[in-house]
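Scroll down for the structure; my scribbles are underneath it.
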Amino acid sequence: MDKFEVLKKYFGYDSFREGQELLIDSVLAGRDVLGIMPTGAGKSICYQVPALLLPGITLVISPLISLMKDQVQALKQAGIAAAYINSSLTEGQIAKALEYGAQGRYKIIYVAPERLETYGFLQFAGRVELSMVTVDEAHCISQWGQDFRPSYLKIVEFVRRLPARPILSAFTATATGAVKEDIACVLGLRDPQVLVTGFDRKNLFFAVETPGKKDEYLLRYAREHERESGIVYCATRKNVEAVYELLSSRGMPVTKYHAGLENEERQANQEDFIYDRKPVMVATNAFGMGIDKSDIRYVLHYNMPQSMENYYQEAGRAGRDGEPSECVLLYSPQDVIINRFLLESKEPAAGASSEDLAAMGERDNRRLQVMVNYCMTRNCLREYILRYFGEYGSGACGNCGNCRQEFQEADVTKEAKAVAECVLEMRQRYGINVVAGTLAGEDTAKLREYGVSAYHAYGRLKGWSLGGVREVITQMLTEGFLGQTQDKYALLKVTAKTRELTEGEAKLILKRPKRDGAGQQEESGTSKGGKRRKSDILNSRGLELFDRLRELRTELAREEGVPPYMIFSDKTLVDMCVKQPFDRGEMLEVSGVGENKYARYGQRFLERIKSLTGGTKEKTYFGELDEAAAGEPVRGGSGAWGRSGRGRKHYR
Ligand code: ADP
Ligand code: ZN
339 MDKFEVLKKY FGYDSFREGQ ELLIDSVLAG RDVLGIMPTG AGKSICYQVP ALLLPGITLV
399 ISPLISLMKD QVQALKQAGI AAAYINSSLT EGQIAKALEY GAQGRYKIIY VAPERLETYG
459 FLQFAGRVEL SMVTVDEAHC ISQWGQDFRP SYLKIVEFVR RLPARPILSA FTATATGAVK
519 EDIACVLGLR DPQVLVTGFD RKNLFFAVET PGKKDEYLLR YAREHERESG IVYCATRKNV
579 EAVYELLSSR GMPVTKYHAG LENEERQANQ EDFIYDRKPV MVATNAFGMG IDKSDIRYVL
639 HYNMPQSMEN YYQEAGRAGR DGEPSECVLL YSPQDVIINR FLLESKEPAA GASSEDLAAM
699 GERDNRRLQV MVNYCMTRNC LREYILRYFG EYGSGACGNC GNCRQEFQEA DVTKEAKAVA
759 ECVLEMRQRY GINVVAGTLA GEDTAKLREY GVSAYHAYGR LKGWSLGGVR EVITQMLTEG
819 FLGQTQDKYA LLKVTAKTRE LTEGEAKLIL KRPKRDGAGQ QEESGTSKGG KRRKSDILNS
879 RGLELFDRLR ELRTELAREE GVPPYMIFSD KTLVDMCVKQ PFDRGEMLEV SGVGENKYAR
939 YGQRFLERIK SLTGGTKEKT YFGELDEAAA GEPVRGGSGA WGRSGRGRKH YR
């Protein structure tokens with residue numbers, strides 16, 4: 339077999355992606371490789387395909403038990419003999435796995451780095467033919483990175499002890515300059531073929547929303563994405579509980595995860611999510627490491643995270659399968675306060691001097707500011723992210739909330755003055771809600787209690803929505819015309835700069851989405867992006883078919899005890915709806931259907947497709963069939979979104 343045959347037979351794909359081929363060819367030529375590719379780029383194929391072609395065993399070193407399990411399960415589904423060895427197994431199971439390994443029953447074995455120095459494992463490794471050692475999440479070896487794992491240093495010693503040096507391959511999604519050097523150097527890669535494909539995740543749509551009422555926005559969003567899998571990240575456990583209650587009280591299939599839950603409950607909830615029994619997860623950032631669920635269609639941040647590093651990692655859990663997915667951040671100025679509070683109450687690093695602590699505090703604040711600016715910018719969000727990580731994009735990606743939104747500028751200096759005067763009149767004793775409510779002339783129990791109608795400012799911006807006034811205030815905060823106390827009350831304060839506004843020296847310009855008018859209407863609160871999902875190429879008939887096939891997938895997943903996405907990806911199902919295969923040959927044409935998957939599930943899908951279509955192929959998609967329908971997204975250029983007309987569902 340050659341690499342193409344392996345790709346087709348086991349994975350069901352017709353061609354390699356950018357970069358995969360280069361790395362695979364290098365390995366097959368006996369050269370070390372280092373692949374730095376973003377999540378979802380297809381790193382696994384880069385070592386799994388050569389592993390099947392090399393004579394001996396490939397050892398994959400991976401830091402997370404759940405990832406190993408997931409990978410091995412997926413390989414077995416594809417008909418590849420694989421095993422993992424880690425602390426989740428009993429000693430007896432480990433001995434058995436090593437025995438089978440020595441008999442040559444596995445082509446690929448996953449191990450935790452700690453295992454490498456144990457006597458039993460070393461003995462095993464010295465006895466078998468090891469063709470390649472692959473280091474997954476290779477950035478863990480670098481002390482410069484965020485996720486340094488001392489146990490990764492054991493890899494070097496392990497390789498040195500082997501009777502023959504195997505090929506070394508290393509992969510990671512996150513490596514900046516220093517980390518990259520470190521990987522190659524510390525691991526002792528020899529003249530490695532290095533491939534860096536950049537951070538950009540073309541299939542992810544980024545947006546920031548500033549809804550007046552996050553709960554309303556969230557409910558609407560969750561409803562609009564009803565049958566999809568998503569993660570809602572919250573800053574605190576309390577928020578997780580509240581959001582979880584909110585969604586589950588409306589009958590949505592949600593589960594939750596945070597460090598305050600018992601281990602067992604966390605485990606059970608995580609499984610409910612992975613197996614799609616509860617496809618929506620509400621969680622703190624404690625959730626996600628080692629989650630390989632590839633069909634997460636959205637990651638919604640209910641609060642702004644503390645840094646771009648965190649945000650990109652969390653948001654990046656969407657769309658690992660390469661299908662269009664959304665990353666929406668719900669921002670409110672309150673988030674800054676929450677995060678300051680969280681940062682301040684963080685355990686100080688052990689043994690850190692006071693200077694260290696001060697420096698760390700400063701770094702934390704800088705990172706927070708980067709996030710605030712991300713939330714405030716009206717320029718391309720993707721560009722903003724890429725630049726932060728040291729790359730350049732096209733300047734305007736066309737696939738983020740800002741690129742898809744037309745703005746118009748409004749001079750709100752007059753309104754800003756009114757806000758400043760209101761804050762002063764109220765003697766700086768209130769936060770954004772009360773001030774905005776007062777100016778908008780709201781009549782709520784709380785405002786009555788504060789007696790705000792006695793102020794001159796009361797109702798001064800009547801005609802403006804609460805959201806509109808808040809937006810003016812937010813902009814004032816961003817530009818420093820107002821400040822907030824750093825406690826949980828976040829009282830609005832005037833600043834040295836406030837006078838520039840009140841004395842007419844400065845202006846405040848608000849860039850507002852065009853469709854909203856100048857803030858005088860009730861805000862719409864819906865996603866600017868609209869949805870353009872994989873299934874957008876399907877017409878209503880196609881969608882119906884897609885739903886039926888998803889049901890079948892769920893049935894099979896239950897029978898087999900594996901997560902649905904491991905049977906076939908959404909993308910594969912879409913391709914199936916487009917091609918409507920009626921026999922084995924046609925089924926094997928579908929992207930993602932390899933021979934083993936066919937043997938396991940092909941018949942059931944063929945039967946279902948036949949019975950659903952009555953045996954005649956129907957037109958299930960819009961427009962002409964092009965590569966977009968053939969499984970892989972269109973690459974480069976304007977990407978899968980750029981095609982005119984179809985697949986774009988515009989602003990609501
Ligand atoms: P990574 O480890 O880089 O995050 P994965 O290896 O999990 O990415 O691959 C992401 C997805 O892309 C998987 O669903 C995988 O099957 C798919 N994929 C990888 N290579 C190809 C290819 N050549 N053609 C089509 N799909 C591919
Ligand atoms: Zn953009």
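Numbering (the working numbering), first residue to last: 339 to 990. Glycine residues also receive a C-beta, built at the ideal position from the N, C-alpha and C atoms.
Query                                                                                                                                                                           : Result
Hey, how far is the Cα of M764 from the Cα of L706?                                                                                                                             : 29 angstroms
Quick check: is any heavy atom of the ligand ADP less than 8 angstroms from the C-beta of F342?                                                                                 : no
Any contact of the region 751 to 762 with the region 840 to 850, i.e. 3+ C-beta pairs under 8 angstroms?                                                                        : yes
How long is the line joining the alpha carbons of Y796 and Q743, rounded to whole angstroms?                                                                                    : 33 angstroms
Classify T812 as helix, strand or coil using the three-state DSSP reduction.                                                                                                    : helix
Residues with a Cβ closer than 5 angstroms to any heavy atom of the ligand ZN, in chain order?                                                                                  : C718, R720, C735, C738, C741
Can you determine whether any heavy atom of the ligand ADP sits closer than 8 angstroms to the C-beta of L345, and answer yes or no?                                            : yes
Measure the C-alpha to C-alpha separation of I423 and A450 and round it to an integer number of angstroms.                                                                      : 7 angstroms
What separation, rounded to the nearest whole angstrom, lies between the Cα atoms of L680 and V578?                                                                             : 15 angstroms
Got a sec: does the ligand ADP put a non-hydrogen atom nearer than 8 angstroms to the Cβ of F349?                                                                               : yes
At a cut-off of 8 angstroms, would you count T377 as near the ligand ADP, judging by its Cβ distance to the nearest heavy atom?                                                 : yes
Can you grab the Cα-Cα spacing for the pair F920 / L911, in whole Å?                                                                                                            : 14 angstroms
Which parts of the region 437 to 524 are runs of the alpha helix (DSSP H), unbroken and 4 residues or longer, counting only runs that do not cross its ends?                    : 457 to 465, 492 to 499
I need the straight-line Cα distance from F537 to S400, nearest angstrom please.                                                                                                : 21 angstroms
Ignoring anything shorter than 3 residues, give me the beta strand (DSSP E) runs that lie fully in the region 755 to 839, in order along the chain.                             : 820 to 822, 830 to 832
Thinking C-beta only, is D340 closer than 9 angstroms to L391?                                                                                                                  : yes
Among I875, L427, S949, whose alpha-carbon lies nearest the alpha-carbon of K957?                                                                                               : I875
Relative to the alpha-carbon of P284, which residue among R716, P902, S469 has its alpha-carbon at the smallest distance?                                                       : Coverage of the chain is limited to positions 339 through 990, which leaves residue 284 absent and any answer about it impossible.
State the beta-bridge partners of Q746 as determined by DSSP.                                                                                                                   : R850
With a floor of 3 residues, list each beta strand (DSSP E) that falls wholly inside the region 896 to 965, ordered by position along the chain.                                 : none
Is there at least one non-hydrogen atom of the ligand ADP closer than 8 angstroms to the beta-carbon of G930?                                                                   : yes
With a threshold of 6 angstroms on Cβ separation, who are the neighbours of R369 within its own chain once the five nearest residues in sequence on each side are excluded?     : Q531
Keeping to the same chain, check which residues put their C-beta closer than 7 angstroms to that of W482; ignore five residues upstream and five downstream.                    : A516, V517, D520
Work out the CA separation of C735 and Y636 for me, nearest whole Å.                                                                                                            : 19 angstroms
Does the ligand ADP have even one heavy atom less than 8 angstroms from the beta-carbon of D659?                                                                                : yes
Which of the three DSSP states is assigned to A690 in this structure?                                                                                                           : coil
Here's a check: name, in chain order, each residue in its chain whose Cβ is nearer than 6 angstroms to the Cβ of A828, leaving out the five neighbours to either side.          : I675, G769, Q822
Excluding the five sequence neighbours on either side, which residues of its own chain have a C-beta within less than 7 angstroms of the C-beta of K616, listed in chain order? : P591, V592, T593, D610
Give me whichever residues DSSP pairs with E664 in a beta bridge.                                                                                                               : F543, Y636
How would you label H596, buried or exposed, when you count the other beta carbons within 10 angstroms and need 16 or more for buried?                                          : buried
Between the Cα of P686 and the Cα atoms of D673, Q672, D702, P671, which residue gives the shortest distance?                                                                   : D702
Does the separation of the CB atoms of K581 and Y640 fall below 9 angstroms?                                                                                                    : It is Val, not Lys, that sits at residue 581 in the sequence shown. Contact flag set, yes.
Can S587 and V618 be called in contact, C-beta distance under 9 angstroms?                                                                                                      : no
Keeping to the same chain, check which residues put their C-beta closer than 6 angstroms to that of R355; ignore five residues upstream and five downstream.                    : G380
Under 9 angstroms, do G657 and L542 count as touching if we go by C-beta distance?                                                                                              : yes
Would the C-beta of R891 count as close to the ligand ADP, meaning under 8 angstroms from any of its heavy atoms?                                                               : no
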